[in-house]
Structure formats: C-alpha cells, structure tokens
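Reviewing the structure listed below.
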Amino acid sequence: MSVRGRVAPSRIEGGVTRRISGTVLAYLALTKPRVIELLLVTAIPAMLLAHRGSVNPLLILNTLVGGMMAAGGANTLNCVADADIDKVMKRTARRPLARAAVPPRNALIQGLVLTAGSFCWLWWTTNLLSGILAVATVAFYVFVYTLWLKRRTSQNVVWGGAAGCMPVMIGWSASTGTITWPALAMFAIIFFWTPPHTWALAMRYKEDYKVAGVPMLPTVATEQQVTKQIVIYTWLTVLATLALTPAAGWLYAAVAVLAGVWFLAMAHQLYAGVRAGEPVKPLRLFLQSNNYLAVVFCALAVDSAIALPTLI
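This is how it looks when you write it as structure tokens:
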C-alpha cells in the first residue's frame, strides 16, 4: 500500500480510544450519576446525626460505596425496564439503551451485579440490616415503581418516591444497626419533597409523557390542580423538616425555617401564576428544589458534625 493510502497509527489509536471511552461512558450513564448525588446529599447527614459530634470516615465511605452500588444497580435496571419509554421521549432519547449504545442483556447483568455487590459490601462493612434495606430499595424501585405504578397511576411518584428516601434509612442503620424516629423524619422530608420536585419537571415535559403513555399528574390534571398539589406537598415537606428539629441543633433549625420560607414562596408563586393565567416556569421550581434539599441536609450535616446544642 502506498504511503498516501495508509491510515496513520495515531488516527487508528485515537478512534479506538474514543470508542472505548464512549462505551465506558454509556455504561456509566446507565447508573444515572446525577441521581446518585441524592445519596451523598442525604446519607452523610443521616450518619452524622446518628452520632452527633463523632465522625467515622471509614464507616461513611463504606456506606457510600455500598449505597452508590445499590443506586447504580437500581437506575440501570430502571433503564432496562423503561427502554421503550425512553426511546419515544425527547428528554430521554439519548440514554444508552434508547440509542442502542449498550446491549439490553449487558445492562441487565450490570444492574444485577451492582445490586448483589451492594448487599455483600454493606453486609461485610456495616451490618446485615443495611444490606437488606439496599436490596429492598432496588426491588421496590424496579418492581413497584417502574414496572407497576409508573405506567398505571398519576400518583406514581408519590408512592414510588419512597425508594428515593431510603439512603437516609441505610445511612442511619449503618451507623446504629436500627431504625428510630429521626430516620423516619428524614424519610418523610424526602418523601414529601419528591412530588413537587418531580411534578414541576413533568409540567415542563408533559407532552413527552403523553406520547410515552405515562400518566404523570400533569398529563391527566389541569395546571391549577397540579400546582395546588405542589403547594400542599411543599408545606408537608417544610413541616417534616421542622419535625426533625428536636434531634438537631439551632443551626439546622434556623436553616430549615429560612429555606422552608424560600421553598414555600416559590411553590406559591408558581400556583399564583397559573391561577392568574400568566406564563410560568415550572422547571425553575424543579431546579431550585434540588438546592433546597441540599441546603437543608448540608445544614444538618454541619450541625451534627460540630454537635451544636439541641433544641430539647
């Protein structure tokens, strides 16, 4: 072959490197890393609250590793179950299975391996209860929410959202070996926070959900009905944060009140805009709700780590 007809080795190596990198990133995308951030935001404060003033870095690291494997396994299996929906929704059309970047069989194996790995890791490094909670979370998320509730009821994220509350339970159980009322209070915060967070997103992409045949509340109810529900659940969220204050210190209490007022103002503003027939931006509430949850739980982490005086 002439020199002109040859392909430069560096170009071939670059192409191979890009393919390998693309494949690795596709498998990583199946785990939905941005969703896993919720684990970091909520599990660490739960562990710090369980042992106020005492920090065990190795225990926290082990719990996060096991928790991330469980979340990654659940999200991967969710992608497998939702592949048909993801293909027809513009928001999810670039997910790995929707664009055939990963074989479904491989994705299924990845999800199962990560789930089994999380159970073994948590049992080995923390305790059996944490391992059982991790597997139960994956099973609930895949079978109850994804395969059953999501396609059958507009209340899917209300009850299915319980899976997203489990990181605090896993973190608390890893630290104490039990589940007590502060863990349940943190569970309630995330449980009530999930509907307004998700419905705000669904308002923005309701046409996508209609095409996919997913009965999210904004596809079956008026905007006024949806935003009224958002306001109700936002109030429940803020009340749940206040219910945790007896176990925390003054810093958490102050931040919970101030952040709660801010979150409520956004929800009421969205509701008022819809009632007045004005153009609204529900995606703003979706994005800011992430910040709200992060601020509240970060305040809890700092409060717990430095063991500020509790309110009782």
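Per my numbering, residue 22 is the first one in the sequence shown, and the count goes up by one each step.
Note that the Cβ used here is the ideal one computed from N, Cα and C, for glycine as well.
Keep in mind that this is a model prediction, so the values were computed, not measured.
Measure the C-alpha to C-alpha separation of residue i and residue j and round it to an integer number of angstroms.
i: M190; j: L98; result: 21 Å
i: M22; j: W169; result: For M22, the predicted model reports a pLDDT of 45, less than 50, meaning its position is unreliable; a value from the coordinates is still stated below. Their Cα atoms are separated by approximately 60 Å.
i: C100; j: R126; result: 12 Å
i: N334; j: A326; result: No statement about residue 334 is possible, as the shown extent of the chain runs from 22 to 333 and does not include it.
i: E228; j: V295; result: 18 Å
i: S194; j: H72; result: 12 Å
i: M102; j: L272; result: Sequence check: residue 102 is Ala here, not Met. So the alpha carbons of these two residues sit roughly 42 Å apart.
i: M90; j: G298; result: 45 Å
i: S151; j: A328; result: 25 Å
i: W220; j: M237; result: 8 Å
i: M207; j: Y162; result: 19 Å
i: V301; j: A274; result: 31 Å
i: Y254; j: T113; result: 26 Å
i: L133; j: H289; result: 42 Å
i: N83; j: F140; result: 12 Å
i: Q250; j: P217; result: 8 Å
i: K108; j: A119; result: 5 Å
i: A184; j: R39; result: 35 Å
i: S175; j: S75; result: 43 Å
i: V24; j: L49; result: Residue placement at V24 is poorly supported in this model, since its pLDDT is 48, which falls under 50; the coordinates still yield a value, given next. Approximately 40 Å, taken between the alpha carbons.
i: P54; j: G88; result: 12 Å
i: Y226; j: L263; result: 32 Å
i: C319; j: A128; result: 33 Å
i: F307; j: L222; result: 6 Å
i: F212; j: C186; result: 6 Å
So that I know if they touch, is there some Cβ in chain B lying closer than 8 Å to that of residue i?
i: F318; result: The structure shown has no chain B; it contains just one protein chain.
Can you tell me where the alpha helix (DSSP H) with residue i in it begins and where it stops?
i: F318; result: P303 to A326
i: W202; result: W202 to R225
i: Y273; result: W271 to R296
i: V109; result: A104 to V109
i: A128; result: P125 to T146
i: L334; result: Outside the displayed range of the chain (22 to 333) lies residue 334, so it cannot be described from this structure.
i: V163; result: It is not in any alpha helix (DSSP H) - V163 carries neither H nor E in the DSSP assignment.
i: G181; result: N177 to G181
Between the options, which lies nearest to residue i when the distance is taken from Cα to Cα?
i: A4; options: Q246, V317 and P239; result: In this structure the chain extends from 22 to 333, so residue 4 is not present and cannot be described.
i: L279; options: A233, N96, V317 and Y230; result: V317
i: G198; options: I153, Y230 and V165; result: I153
i: P267; options: V134, Y254 and P203; result: P203
i: K171; options: I106, V276, P54 and K53; result: I106
i: I41; options: M110, A122 and A128; result: A122
i: V86; options: L70, G74, A64 and A104; result: A64
i: T52; options: V159, T38, S196 and G74; result: V159
i: A47; options: F307, P117 and I81; result: P117
i: I210; options: L291, L265 and A104; result: L265
i: Y166; options: S196, V232, P124 and A95; result: A95
i: M110; options: E244, A286 and V232; result: V232
i: M68; options: A320, P303, L304 and G192; result: G192
i: P239; options: L129, N177, A155 and G281; result: N177
i: A137; options: A223, W180 and A92; result: A92
Once DSSP output is grouped into helix, strand and coil, what is the label at residue i?
i: T38; result: helix
i: G198; result: coil
i: G74; result: coil
i: G234; result: coil
i: R115; result: coil
i: K53; result: coil
i: A121; result: coil
i: S23; result: For S23, the predicted model reports a pLDDT of 47, less than 50, meaning its position is unreliable; a value from the coordinates is still stated below. S23 falls in the coil class under three-state DSSP.
i: M190; result: helix
i: T174; result: coil
i: P239; result: helix
i: P267; result: helix
i: P300; result: coil
Stretch pair the segment 143-155 + the segment 256-265: three plus CB contacts closer than 8 Å: Taking 8 Å as the limit for Cβ pairs, the verdict is that the segment 256-265 does not touch the segment 143-155.
Segment contact flag, the segment 53-70 with the segment 302-322, C-beta cutoff 8 Å, min 3 pairs: Put simply, the segment 53-70 touches the segment 302-322. At least three CB pairs are less than 8 Å apart.
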